[in-house]
């Protein structure tokens with residue numbers, strides 16, 4: 001590769017041609033024919049000073065105020081601004097028009113692109129910073145944490161009817177004998193039954209999940225083991241075996257965890273249970289469960305996940 005400022009070719013000529021070339025005071029027509037050709041050749045290959053463009057640096061250059069307009073930039077025959085493909089790619093990646101970039105030389109360099117990007121970033125965030133400095137800190141709304149009021153003294157608040165029932169039921173549950181049992185069963189047949197019921201239920205606008213099936217299965221089991229659907233009398237001398245299967249189901253409501261019950265499950269079909277369950281769930285979500293929905297349960301079913 002040829003270096004700037006160094007000759008490209010060295011030519012050896014005869015003494016006569018060299019003498020004729022050095023004698024510049026003599027008439028041009030007296031020069032030998034070969035000398036004229038050699039002189040033209042030397043002029044063509046003689047090194048001429050080339051204006052080198054500053055090499056781009058890795059660091060982002062500082063902003064300058066002596067930018068040159070694009071009218072002085074060298075352009076190609078098609079009118080495009082003279083620059084390198086890598087610079088054009090960098091401009092495309094940042095959605096920058098080369099016509100908007102001020103430069104210092106006769107072409108756009110990578111440093112000009114980076115300088116322009118930095119100036120855009122400073123102009124974008126400077127108004128936000130100045131605006132933030134003008135905001136009155138005292139006028140800022142208090143945070144939610146600061147607005148919380150903690151108790152400084154003990155208070156006595158009334159108990160609502162729902163809470164009274166919950167307290168009564170929780171106290172009563174402590175007097176009921178408890179036992180645990182676990183087993184595993186295959187659900188393939190139950191799932192096939194559910195898929196068949198969904199077709200019929202969709203025509204009546206009923207949603208059939210696994211819960212109505214499990215409630216009905218529990219009711220069928222209670223027929224064989226009625227002692228599980230029983231209650232102890234106040235005098236503790238008798239046990240009442242209930243023929244009605246009023247199965248309670250725990251539900252999360254805005255008022256807390258409530259346990260409404262489905263009356264007479266033993267005489268209801270799976271679709272009837274699903275429909276009644278949907279009614280109770282809608283009332284529970286709206287916080288409109290009535291006393292009749294919350295009382296009279298004989299057996300509770302809780303779905304644990």
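Residue numbers (full-length UniProt numbering): 1 to 305. Yeah, the Cβ is synthetic: ideal placement off N, Cα and C, and Gly gets one too. Bear in mind that the values here come from a model prediction, so they are computed numbers and not experimental data.
Three-way DSSP call (helix, strand, coil) for residue i in this model
i, result
"residue 231", "strand"
"residue 247", "strand"
"residue 87", "helix"
"residue 103", "strand"
"residue 288", "coil"
"residue 300", "strand"
"residue 182", "coil"
"residue 148", "coil"
"residue 268", "coil"
"residue 174", "coil"
"residue 167", "helix"
"residue 154", "coil"
"residue 108", "coil"
"residue 82", "coil"
"residue 191", "helix"
"residue 293", "helix"
"residue 96", "coil"
"residue 115", "helix"
Cβ shell of residue i (< 8 Å), same chain only, five flanking positions each side left out
i, result
"residue 246", "261, 262, 263, 264, 265, 296, 297, 298, 299"
"residue 280", "249, 251, 260, 262, 289, 293"
"residue 200", "271"
"residue 88", "98"
"residue 175", "232"
"residue 172", "none"
"residue 309", "Nothing about residue 309 can be reported from this structure: the residues present for the chain run from 1 to 305 only."
With 16 other Cβ atoms within 10 Å as the buried cut-off, status of residue i
i, result
"residue 182", "exposed"
"residue 151", "exposed"
"residue 164", "exposed"
"residue 91", "buried"
"residue 103", "buried"
"residue 84", "exposed"
"residue 257", "exposed"
"residue 185", "exposed"
"residue 122", "exposed"
"residue 203", "exposed"
"residue 216", "buried"
"residue 276", "buried"
"residue 222", "buried"
"residue 198", "exposed"
"residue 224", "exposed"
"residue 268", "buried"
"residue 210", "exposed"
Residue(s) in a DSSP beta bridge with residue i
i, result
"residue 240", "231"
"residue 253", "256"
"residue 261", "248"
Other residues of its chain near residue i: CB distance less than 6 Å, five sequence neighbours each side excluded
i, result
"residue 285", "none"
"residue 274", "206, 208, 212"
"residue 219", "245, 265, 266"
"residue 162", "255"
Interface flag, residue i vs chain D, CB-CB below 8 Å
i, result
"residue 89", "Checking the listed chains, one finds no chain D in this structure; it contains a single protein chain."
Residues of its chain near residue i, where Cβ-Cβ distance is below 7 Å and the 5 sequence neighbours each way are ignored
i, result
"residue 240", "230, 231, 233"
"residue 116", "96, 101"
At which residue ranges does the stretch 193–232 contain complete beta strand (DSSP E) runs of 3 or more residues, listed in the order of the chain?
Uninterrupted beta strand (DSSP E) stretches at least 3 residues long and entirely within the stretch 193–232 occur at 230–232, given in chain order.
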